[in-house]
Structure formats: structure tokens, C-alpha cells
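Numbering (our numbering), first residue to last: 444 to 1255. The next block holds one structure in the form of C-alpha cells; read it before the comments.
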């Protein structure tokens, strides 16, 4: 009897041990776990980054990420088990897996809880996706009630914080979704799924629910800060290359210049007026009618000599971008070639009619179809015609419109990778990437620059600057742009901009398309304030429909609106050494140019600060986002404004006095002192102040300890060498700044052809050290002058020094 009992106990122990041992297995990257009906795999990509894959038990799949390009690194792990918890520990991160439920919790090596999945938080609902087995996949997490989260791309919600948000993530004209978020607890989370996804943050849980997936697939990364988490995401999905210096100048555009002579004439007019300009953009229909949509040839007879047009622009030291789309008309060569390889979708897109009158006449369908950028052969065809028809003429940059793309009837369609619905959110990544990769393959003389309407995770590696789409022209829309741009930047994609003045502005005209809007005081005020905001975004670009935006449409020199526009453009150019160096900080150190205040200040009041931000790491920008001179509700020609389309912009019939001073409130974050950029008044942080404003200035503040380089007055970005820069030192704290220079527009910097000069300020010793120059490049200045200006409001000191690349100390 005793022997039988011992034998039974031994068998129980054997089977229990065997079951426990089989419940998980170690893998080269981590471990696989079978938890009930779910298979879980944990893969360490590096000590701080973990990939999690979950699927129904026994279901095999193979998924190659479209966003992630990093290969897993060998990571030293300690794996142990205690009861039902399997622990995987690197030197940076601990991952605990509940072997019963499959729920995962993340913590620091010291045991600080970071994020935890909700128990039973994973679900798989099977269905047939166009003949393939697929699932609707959901994963829920538990967030700490006090943490703040940001990112998920660009939303027109008018709010920075994502807490309490419910967002249906489907790419659209004015909403760009990047399923990556960052937390004030120091981690980032990337949900690697390309189908429409519902994000919801509720009190009991935070979840991602995607319409279609083979599995749950996400990455957890510990960065230690918002900047650190963004750096980890770029390490995973690709680094941002340098843009040409000229792209940081001022851009003029509209919907649309209708002739070659009109386009060239705009550049010529700016040069005659002495107003800086670097980029001009040609919008659609240079290809002719809608049946030739996006032919990538100048078939419109009003563009009679495109090579000369581009040459004329270049001779005036400007550059040109041109509109290209992800769709083709039925009479184009591309359409015929793409149709042969089944690389055209069958849903309705823009334009819907072959007749160019508005509204669309659907009795004459355009037949335009979107191409399949997921197909490598289709991307090659796209570039073949773009290269031959336009790039070979000397075109400088691309405006890739409708990269969501427009999908009016939501018909099911197939791509090279399966159903369109399964991959639709990644469409911009693939279409933009196709142009970038192909241009890089044929040329290294011009850096790729792409302006595009949509984005997805990883797109920062493709030389793209995303704009916020065809937004309306209103004060509320302007207010929305700031948190939209900040959340986009917090999604690890650092380059963003918006249409200055808003795209749809026809309601400011007396009749819809008469072009009288620039004389309307309501539009004038909104445009100026939007332009002042845009001067502190990664791209300063004027664009819109119905209302022309060129500076000379707003009057002439000596008038307040004209002068305010010109002043902002000149200010932008004076800051190019600062901006270009900030761009290098992005490329070399994974930084961010347009920075939510929460990135730099431990101050609870900035956690959800929607209308202020840092531009680079020194300049606090507080755009004026409320009307001060005109009503926010649209007013046309009334007795109140006295505006009429025949009135001269300086006419006394217009009673709006744009020279009258106004005021606005600004919050200055705690932890530092601040200097008013305009008056140099020093103000303690941690307080809200009333700031006097004028139509030509918005509140700008420089953080104590900043070193701010300013450049010469120029008509275009590369007109003058930076042989005499002013270096402003703002005392009150130690600080440093690295000045970056290269050849401005090629890829030699990737081979080390660039230089940096590190400036360090010792606040106690009142000494600026100009470090020895590091690196070199062809055409680099051997010697130069710096005018060092001490910006303390206790005294004024200015020193001019000659610098030959060797270290110098300047006492102030």
C-alpha cells in the first residue's frame, strides 16, 4: 500500500513537472509560452526593446513587419520561474509572463512597475478575410491613473493628452495615424498592425483593437523619458535623414498655378520685392485632363517648356516641388502597365469625374484608379515614369498627395500582400518609401525631399515631411494644428507642417472664388497668426485654395499686414543656423524639433499644454491662437468692418486698426528662467503672465542657459556663407549648443563630410568656450567671425572673435 502511494505521488510529481516544463520553452531571443488557448512569444530585440506575439494556440504564422527594419540583437537574459510567473530579465528591463493567463507585466530592473497587460486582455475573433483566415485582434493594458500618454500620429482633436480618448485609426485626409504612443513613465508602445484600429483609453483599461490581423504583434520599449522612447522607436523603424538646407526656408504654393509663366512669375516677384523664398510648388493638372491624371508629364500646353521652367527657377536660386499622386488616369502609360500586372485597386478615388467642372459629373467617370505600392514591381513602374518624365528635367522635390489614399466607396480590393483593408494604414509608408528608395538608387547629389499628406510608423526614414491635410481656414482649426503637430512629432516622426491660412478659405471671398480674401481683415489676421506659428514648425509653407497667399496679395511694404508677413519670413531665415543644427540633432541623436513642453519640463501644468511648445531646445513658442482684431465668426462685407473688394488694403474705409497693441496670456514652465525674445526681459518660470502683443509679433521666450546662433539676412538659404554669425548667450544656467554645417544638399554627410562646433557656456565663470571644430567638408570655411552677445538684462556685452577651428575661450 505504501509502495503504491509513493508510486502514485511520484507519477503526479513527474507529470506536474513535465507539464510545467512544457508550458514554456526558451528561444534564442526570449521564450515561448502556451497559456491556455493562447500562444505567447517574447523576443528581445535589445536590452530595452521587446516584441510580443500572441496567437490562438497551435496557429502558425509568419509576419514580416513593414515598419520595423531593425534585426534582433543578441541579448543576455536571465530567465527564471516562480510559481506561475516566468521572468525574463535583461540589464534594462524585466518581463513577467503569467503562465496561466498569458498576461505580461513590464518593470525596471529595480522593480518599478511600468505597464501591465490586463488579465484575459487578449482576444482573437476569427473571420474570413477575402478567402484567408484572419482575426479581429484586441489587447488591453492597465495604465497608471497618473501617467500621461501621447502620440498615435496626427489627430484634429485639439488636445495633446490621449487619456480618455477614443480614436478610430483609419488614415484620412486630415488625420494621420501612427500606432505608437509614449508615456511619461518612460516607455513607448508600438502596435504593429496596418488595418483600421480602434484605440480607447478608459478608466479600467487601455486597448488596441484591429479589424484584421494574423496575430497580436506589438513592441514595448523602455527609453527612460519621452525623448528616450522616441529614440528607441527610431532605432527600431529607421533614422531620419538630413533634408537639404533650402527646405527649411520659406515655401510658396497655392491650388494651383495654371501656367508655367505664372509659376515662374511668382518667384520673380519675390526676388523683386526682396522677400526671401526658397521653394515654389506646382499643384495638379500640369498633366492636362483628368483622363491623363498623374501622367508625370507636362501635357498641359500652358506648361510649354518644363525644362526651361525649372531652369528659370534655379537661375533665381529657388527650388521646385511638384504634385504627384498615388493614382492614374486610364489614358496614362502607367495605368496600362500597372493594369497588366494587376496592380490597380478597384475602389473610387479622386477625381471622380473626367469632366473638370465642379461638382463632379459622374455620368462621365474619370476611371482613375489607385496603384498598389505594396507590389515591388508596381513601385518600380511608378519611379520609371517619374524619373523619365520629371526627375530627369531637374525637379528638386516631390509633393505626394492623397497618400492615404482617397477611398470613396470602400469597395473590397486586393493588394500584393492580401486584402486592402488588412494593410491600408501602411499605404503612405509604402508609397513614400518607393519614391525615396528609387531616387536614392539613381542619385546622391540631391537629398530626397517629399511633402506628403499621410504617414505611418517608420516613415521618418524616407525623407518625408507630412502636412496636416486639407484643413479648413478658421481659428479653431489653427488651434487644433498645434497639438496635432506635437502628437505627430511624439510619434517618432519629426517633420510636420500645415497649410498656412488653412486650405479651404473661399468663404473669406465676397464670391466663392474671386480671390478677394486677402483684403478681408478676418482672413488677414488669421493668415498672419498662422504664418507666425508656421515660422516655428519644421517646414514653413503657404498654401490653400480660393484665396491667393503670396505676400503681395496682402498689400505693400509699409502696411501692417505685409510688414508682419515679411518680418516673420526674415525671422525664419535668421534662425537657419539654429534650425539646421536642430535637424542634425534629429539625424544624429534622435531628437525632436517641435517639442511638447512635457518633453523638457517636470511641471504638472504642461502635461496637457495644447498651445505652447518648444522649437528646438531653446525657444518657447506661444502662438496667438485667438482673434484679437476681428471676430472669430466669419464676417464678410458689413457695416462693422467696412470691407469691400474694391477697397485698397490701406484704405481708410477699413476701420480695423492692426497697429493697436493687444495682449495674451502665456505660461512659462518652472525649473528655469526665461528671456523675452523681443524685449530681453528676464522672467522667472512657473507662472502665467500677461504678454503684450502686436500684429507682427507672437510671444517667444528663450530658456536661460541657451546659446542661440543667428545668421545673415538673405534672400535664399544658401545666399551667404555663415562666415559671420551672431552667437547669443542667455545667462542664468550652464548650457551648450552644437553648430552643424555640411555641403547643404547631398549625401556626403553620411560618409562623414560635415563639421560641428560645440559652444559651452559656464554661467558661474561667465565664460563661453568655443570648442575645436570636429570634422570637415569640401568648401568649409577655414576662418570666420563670431559676434558673441551676452543677453543678460543686467548688462550688455558684445565680443567679436575670429575663429580658425581651434578652441577659444571668451570671457563675458
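Ideal Cβ positions, reconstructed from N, Cα and C, are used throughout, including at glycine.
Closest residue to residue i among the options (Cα-Cα distance)
i, options, result
"residue 943", "747, 486, 921 and 711", "921"
"residue 509", "675, 865 and 930", "865"
"residue 1101", "526, 966, 544 and 1045", "966"
"residue 521", "830, 527 and 535", "535"
"residue 585", "1040, 557 and 939", "557"
"residue 554", "561, 537, 563 and 545", "537"
"residue 583", "576, 566 and 598", "566"
"residue 807", "813, 1134 and 798", "798"
"residue 1038", "478, 1213 and 669", "669"
"residue 836", "756, 779, 789 and 768", "756"
"residue 998", "779, 855 and 961", "961"
"residue 682", "948, 1009, 937 and 1222", "937"
"residue 640", "701, 625, 578 and 1155", "578"
"residue 1025", "1018, 1002 and 1059", "1059"
"residue 856", "731, 574, 1189 and 839", "574"
"residue 1138", "1068, 1205 and 1146", "1068"
"residue 527", "519, 518 and 542", "542"
"residue 628", "596, 665 and 801", "665"
"residue 677", "638, 928, 1000 and 935", "935"
"residue 800", "680, 1197, 903 and 732", "732"
Extent of the continuous alpha helix (DSSP H) run through residue i
i, result
"residue 778", "776-783"
"residue 1026", "1019-1032"
"residue 967", "964-977"
Alpha carbon of residue i to alpha carbon of residue j, nearest angstrom
i, j, result
"residue 1120", "residue 1105", "17 Å"
"residue 697", "residue 841", "15 Å"
"residue 491", "residue 485", "13 Å"
"residue 514", "residue 488", "7 Å"
"residue 1089", "residue 958", "Caution is warranted here: a pLDDT of 47 is assigned to residue 1089, below 50, making its placement in the model unreliable, and no coordinate value can be reported."
"residue 505", "residue 494", "14 Å"
"residue 847", "residue 871", "6 Å"
"residue 1011", "residue 975", "6 Å"
"residue 834", "residue 728", "17 Å"
"residue 736", "residue 989", "22 Å"
"residue 434", "residue 880", "With the chain covering 444 to 1255 only, the question about residue 434 has no answer from this structure."
"residue 1224", "residue 1166", "7 Å"
"residue 932", "residue 940", "11 Å"
"residue 464", "residue 899", "Summary for residue 464: the model assigns pLDDT 44, below 50, so the residue's position carries little reliability; its value from the coordinates is reported in the next sentence. One C-alpha to the other measures close to 41 Å."
"residue 479", "residue 466", "9 Å"
"residue 1028", "residue 1034", "6 Å"
"residue 591", "residue 1107", "27 Å"
"residue 1023", "residue 952", "38 Å"
"residue 1014", "residue 977", "11 Å"
"residue 525", "residue 877", "49 Å"
"residue 461", "residue 468", "Caution applies to residue 461, whose pLDDT of 36 falls short of 50 and renders its modelled position unreliable; the model cannot decide the point."
"residue 1153", "residue 1213", "16 Å"
"residue 1206", "residue 1115", "13 Å"
"residue 1250", "residue 674", "31 Å"
"residue 644", "residue 551", "24 Å"
Segment limits, beta strand (DSSP E) that includes residue i
i, result
"residue 540", "537-541"
"residue 473", "473-478"
"residue 822", "Taken as a continuous stretch (DSSP letters only), residue 822 belongs to no beta strand (DSSP E), being part of the alpha helix (DSSP H) at 819-832."
"residue 1037", "1037-1039"
"residue 612", "609-612"
"residue 551", "No beta strand (DSSP E) holds residue 551; DSSP gives it neither H nor E."
"residue 716", "Element bounds for residue 716: not the beta strand (DSSP E) but the alpha helix (DSSP H), 703-716."
"residue 751", "No beta strand (DSSP E) contains residue 751, which is instead part of the alpha helix (DSSP H) from 749-758."
"residue 433", "Only positions 444 to 1255 of the chain appear in this structure, which leaves residue 433 out of reach."
"residue 468", "467-469"
Closer than 7 Å: residue i CB and nearest the ligand FAD heavy atom
i, result
"residue 938", "For the ligand FAD, the structure offers nothing, since it holds no ligand at all."
As an exercise, report each continuous beta strand (DSSP E) stretch of at least 3 residues that is fully enclosed by the stretch 640-701, in chain order.
Runs of the beta strand (DSSP E) inside the stretch 640-701: 640-644, 649-656, 659-665 and 693-695.
Counting only runs that start and end within the stretch 883-933, where is the alpha helix (DSSP H) found for 4 or more residues in a row?
Counting only runs of 4 or more, we get 918-932.
The stretch 1224-1232 touching the stretch 1169-1187, judged by at least three CB pairs closer than 8 Å:
With a cut-off of 8 Å, the stretch 1169-1187 and the stretch 1224-1232 count as touching, because enough Cβ pairs lie within range.
Counting only runs that start and end within the stretch 1188-1235, where is the beta strand (DSSP E) found for 3 or more residues in a row?
Runs found: 1197-1205, 1210-1213, 1217-1219 and 1227-1233.
In chain order, each beta strand (DSSP E) run of at least 3 residues that lies wholly inside the stretch 1138-1181
Fully enclosed beta strand (DSSP E) runs of 3 or longer: 1143-1146, 1150-1153 and 1167-1172.
Decide if the stretch 1042-1062 is in contact with the stretch 595-609; the criterion is three or more beta carbon pairs, one per stretch, under 8 Å apart.
Taking a cut-off of 8 Å for Cβ pairs, the stretch 1042-1062 and the stretch 595-609 touch, as three or more such pairs fall below it.
Counting beta carbon pairs with one atom in the stretch 567-587 and one in the stretch 880-898, are three or more of them shorter than 8 Å?
Fewer than three Cβ pairs drawn from the stretch 880-898 and the stretch 567-587 lie within less than 8 Å of each other, which leaves the two stretches out of contact.
Check whether the stretch 684-699 and the stretch 1149-1160 touch, using three or more Cβ-Cβ pairs below 8 Å as the test.
Here the stretch 684-699 lies against the stretch 1149-1160, with 3 or more beta-carbon pairs under 8 Å apart.
Contact between the stretch 1137-1145 and the stretch 738-758 (3+ Cβ pairs under 8 Å):
The answer is no - the stretch 738-758 does not touch the stretch 1137-1145, with fewer than three Cβ pairs under 8 Å.
Taking 8 Å as the cut-off, does the stretch 1236-1244 touch the stretch 1178-1195 (at least 3 CB pairs, one atom from each stretch)?
For the pair of segments examined, the stretch 1178-1195 was found not to touch the stretch 1236-1244: the number of CB pairs separated by less than 8 Å stays below three.
Closer than 8 Å is the cut-off here; do at least three beta carbon pairs connect the stretch 626-638 with the stretch 909-924?
No contact exists between the stretch 626-638 and the stretch 909-924.
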